[in-house]
Every structure is written in structure tokens, then in C-alpha cells.
Amino acid sequence: SFEDVKDKVIDDLKSEKAKKLALEDANKLFNQLTDGETLEDLIGRYVAPKGISRQDLEVKESGLFALSVSSDYISNMGSSSEAMFSAFQMKTNEIRGPIEGNSDCFIIQLIEINDPDMDKLKNEIGEQVKVRKSLLQSKKSATYNNWYSAMRQKIEVKDERL
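Per our numbering, residue 2 is the first one in the sequence shown, and the count goes up by one each step.
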């Protein structure tokens, strides 16, 4: 019944509206960015809308992460494939945004790029095996997920509960 899902619907609507407002606010903030400015500089000028706390608006460093087809999780950010793929197209110190995450909105700055050790990869058999296994596992996961999604779209479920 509606009463059973009413609170969930209200919470979902609030979350959706909050995310939309956060995206609009992030757009306004990002448009104030000038050349040579850091995220800290930009955040320092931020004025939160009435009734909104600045507490959630802070610069956090994610730590290094790898581009992955099987996961879009970034530490201190949560899940955001858009942020992950954007970061791998950026130059050091470049700032981009706003980018939507699963539950948040981000303006990101690329601080560091850690290139792979190609000599180690070329010369160490153990490292080659490790990379090969990782790539194979990612490919298996992607194949399974694609198959599973296709099956879910084809399957018709009948609800025969009373």
C-alpha cells in the first residue's frame, strides 16, 4: 500500500531535489573559477545558500586509484564512473566539474598522476602474470554483467501472489 512506501518515496524525493540543488550550486561555484586558482581558493569564496551547511563542502583527497571497468568506487568520494573517467582525461592541476556521483556532486582537481613502472612490467614475469590475471578477471566480470543485464531485460516475471 501507499502508506507502506510513503516515507521511502518522500526520502527519495528529498534526496533527488537535494542533489539537483547541489548540482546547480556547484555549477555556480565552478563558473567563478579563475585561472591559477586551486579548489581551496574556490571553496574559500563559497557562500552556502540559506539553510545549507558548509560542513559537507570541503576539499578531500581521494588517494590514487586505477581506471576500472568492474568498479567505479573512489575513496573519499564514493561511486562515480564519470569522475573516474574524467580524472584519466585530465592534466595535472586541472579542475573539472561539476560531476555527479551516485549520491553527491563534485568539483575535482587532478593533483598527481602515478604512471605504471613499465620496466618492471616488461622484465618481471610475476608482474605480467598479475596484470594478465587482473585484466582477465575484469573481462570475465564485464562479460557476466552484460549477460546478466541482457537476461534481466528478456525475462518476464509474473507476480502470482494473492
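Built from N, CA and C at the ideal position, the CB exists for glycine as well.
These figures come from a predicted structure and were not determined experimentally.
Between the C-alpha atoms of A84 and L163 there is a straight-line separation of about 45 Å. In this structure, the beta-carbon distance from N77 to S63 falls below 8 Å. Within a 10 Å sphere around the beta-carbon of G98 sit 16 or more other beta-carbons, which makes this residue buried. If you draw a 10 Å sphere on the C-beta of S81, you find 16 or more other C-beta atoms in it, and that means buried. When DSSP states are grouped into helix, strand and coil, Q90 belongs to the coil group. About 6 Å separates the beta carbon of A27 from that of I108, a gap short enough to meet the 8 Å contact definition. Ranking Q90, I11, T35 by CA distance to the CA of I112 puts Q90 first. Note on the stretch 25-56: there is no whole beta strand (DSSP E) run with a minimum of 3 residues. One alpha carbon belongs to A19, the other to I114, and they sit about 33 Å apart.
Per the coordinates, the alpha-carbon of D8 lies some 21 Å from the alpha-carbon of D105. Around the beta-carbon of D13, fewer than 16 other beta-carbon atoms lie within 10 Å, marking it exposed. Among the bridge pairs identified by DSSP, G79 is matched with I75. Between T39 and Q110, the C-beta gap is smaller than 8 Å, which places the two residues in contact. Assignment of beta strand (DSSP E) within the stretch 99-151, counting only whole runs of 3 or more residues, yields 106-110 in chain order. Taking C-beta atoms as the reference points, L122 and Q129 count as a pair closer than 8 Å.
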